[in-house]
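Taking numbering that gives the first Met the number 0, the leading residue of the sequence shown gets 0, the next gets one more, and so forth. Here a beta-carbon is modelled for each residue, glycine too, at the ideal position from N, C-alpha and C. Take a look at the structure set out below.
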Amino acid sequence: MELQQLRLFLAAAESESFTRGAERAFVSQPALSVSISKLEAEVGVKLFTRNKRNVVLTPAGRKLLQRAKLIVGECARAKDELKQHDVQRRLRLGVINTLSITHVARLIEQYRREHPDLKLDVVDSSAAEMHKLERDNRVDLVLTLLQSNPQASRRFNCSKEIFAEPYVVAMSRNHHLSRSPSISVSDLDKEPFIGRSHCEHRKVMEGLLKQHNIRLNMAYITNQDDRALALVEADVGIAIVPEHYASSRITTLPLVEDLSQRSIGFEWGESENLNEITQFVDFASTASWTYADM
């Protein structure tokens, strides 16, 4: 007794016609008739009473009908379960581009190692572009700059802070200001400066500089933080960076007049992928963002 024989048997029994059963099963009528005849020969009993208008199940056929429904149904469910099992788990993550790539890479590498069956798609974006990715349903979860008063209409209405940090002045270890306990805005006057064009703190700094009538000597402008830090390390100029960019290769000092902090964390919304989202958020919440742990 083969599964296809049971499928064709069900098609004929439920439509009460070999012709309609064949159409339903997408086979020819002779092929269905041959299959039914072979099945009857195998089980040793007649399953249908045939007449000119239709076919009617015999008592044996009615008994087989219940079993056949269960068998074919279970096979279909088993096939669906196997298909679902074969679908790779996936999480689409957006990461704000003012996070240290070293820290981000370490986080992703560790998570992928512990979850090898997960397809983790990661995209870099500015804070403004992140909202567009969210709106267009291109990400499930974002690691971004948290707003103190987010828009009520946003789709991502859940959040969790991972860390908060100030902005600091970064300079080479040989820079003449590197031995100072802190830096004042006046110390930046005419200092060669590395501008990070994508920095979300830029407008605040521009306001401070204007307030104190300070002019920067712009030595280099880049939208890539690894370049900015390399230029700082090479003593091409100083830069304003988030505190977690600190490393043993550069010196970072607080700016006396700037007490601003930024909050970095995850945002997400209702999703069929909520299990993957919460697993990643829980994992990332244990990560350290200080260079001493690298």
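Where does T101 sit, in a helix, a strand or coil, going by DSSP? In this structure, T101 counts as helix in the three-state DSSP scheme.
Out of R105, R61 and V138, point me to the one whose CA is closest to R154's CA. Here the closest residue by C-alpha is V138.
If you run the structure through DSSP and keep just helix, strand and coil, what is F194? In the sequence as displayed, the identity of residue 194 is Gly instead of Phe. Residue state, collapsed to three classes: strand.
Host beta strand (DSSP E) of P165 (start-end): In this chain, the beta strand (DSSP E) harbouring P165 covers C157 to S171.
S34 - DSSP class collapsed to helix/strand/coil: Looking at S34 - three-state DSSP - the assignment turns out to be helix.
Give me the DSSP bridge partner(s) of F265. L142 and K159, per the DSSP bridge assignment.
Cβ neighbours of R91 in the same chain (closer than 6 Å, five flanking residues each side left out): Only D120, V138 and D139 meet the Cβ criterion.
Of all the options E269, V280 and F282, which has the alpha carbon lying nearest to the alpha carbon of R134? That would be E269, whose Cα lies nearest to the Cα of R134.
Let's test the definition: count the other Cβ atoms within 10 Å of the Cβ of G43 and tell me whether it reaches 16, buried, or not, exposed. Under the 10 Å beta carbon count, G43 is surrounded by fewer than 16 other beta carbons and is classified as exposed.
Kindly list the residues whose CB is nearer than 8 Å to the CB of V235, restricted to its own chain and excluding five residues on each side of it in sequence; keep chain order. Spatial neighbours of V235 in its own chain (CB-CB distance under 8 Å, excluding positions within 5 residues in sequence) are listed in chain order as P191, I193, A218 and Y219.
Check each candidate in L207, E232, K189 and K209 and name the one with the smallest Cα separation from N216. The shortest CA-to-CA distance from N216 to any of L207, E232, K189 and K209 is the one to K189.
Under three-state DSSP, which class holds R246? Correcting the residue type first, residue 246 is Ser in the shown sequence and not Arg. The answer is coil: DSSP assigns S246 none of H, G, I, E or B.
Straight-line Cα distance separating R248 from A291: Only weak support exists for where A291 lies, its pLDDT of 46 falling under 50; the value from the coordinates is given anyway. Answer to the nearest angstrom: the Cα atoms are 12 Å apart.
Going by other Cβ atoms of all chains shown within 10 Å of its Cβ, with 16 needed for buried, is I237 buried or exposed? Under this definition I237 is a buried residue.
I need the DSSP call for K189, collapsed to helix, strand or coil. Per DSSP, reduced to three states, the secondary structure at K189 is coil, with no helix or strand assignment.
For L31, which residues in the same chain have their Cβ closer than 8 Å to its Cβ, ignoring the five residues on either side in sequence? The residues are L7, A10, A11, F17, G20, A21 and A24.
What does the Cβ neighbour count give for L63, buried or exposed, with the cut at 16 atoms within 10 Å? Counting every other CB atom within 10 Å of its CB across the protein chains shown gives L63 a total of 16 or more, marking it as buried.
Same chain, Cβ closer than 6 Å to W288, neighbours up to 5 away in sequence not counted: By the criterion of a C-beta distance shorter than 6 Å, W288 is surrounded in its chain by H102, F162 and H243, once the five residues flanking it on both sides are discounted.
So does the segment 163–172 actually touch the segment 106–124, counting three or more Cβ pairs closer than 8 Å? The segment 163–172, when compared against the segment 106–124, does not touch it at the 8 Å Cβ threshold.
Any idea what DSSP makes of M129, helix, strand or coil? Residue state, collapsed to three classes: helix.
If I follow the unbroken beta strand (DSSP E) through T221, where does it start and stop? For T221, the enclosing beta strand (DSSP E) starts and ends at N216 to T221.
I276 to V141 span [Cα, whole Å]: Taking the straight line joining both Cα atoms gives about 10 Å.
Short of 6 Å in beta carbon distance, which residues of its chain neighbour M129, apart from the five on each side in sequence? Order them along the chain. So the list reads G93, V141 and T143, once near-sequence residues are dropped.
Would you check if the distance between the CB atom of D224 and the CB atom of T97 is smaller than 8 Å? It is a contact, given that the beta carbons lie within the stated cut-off.
CB-CB under 6 Å to N156, same chain, minus the five flanking residues each way: which ones, in chain order? Taking C-beta separations shorter than 6 Å and ignoring five residues to either side along the sequence, the partners of N156 in its chain run G268, following chain order.
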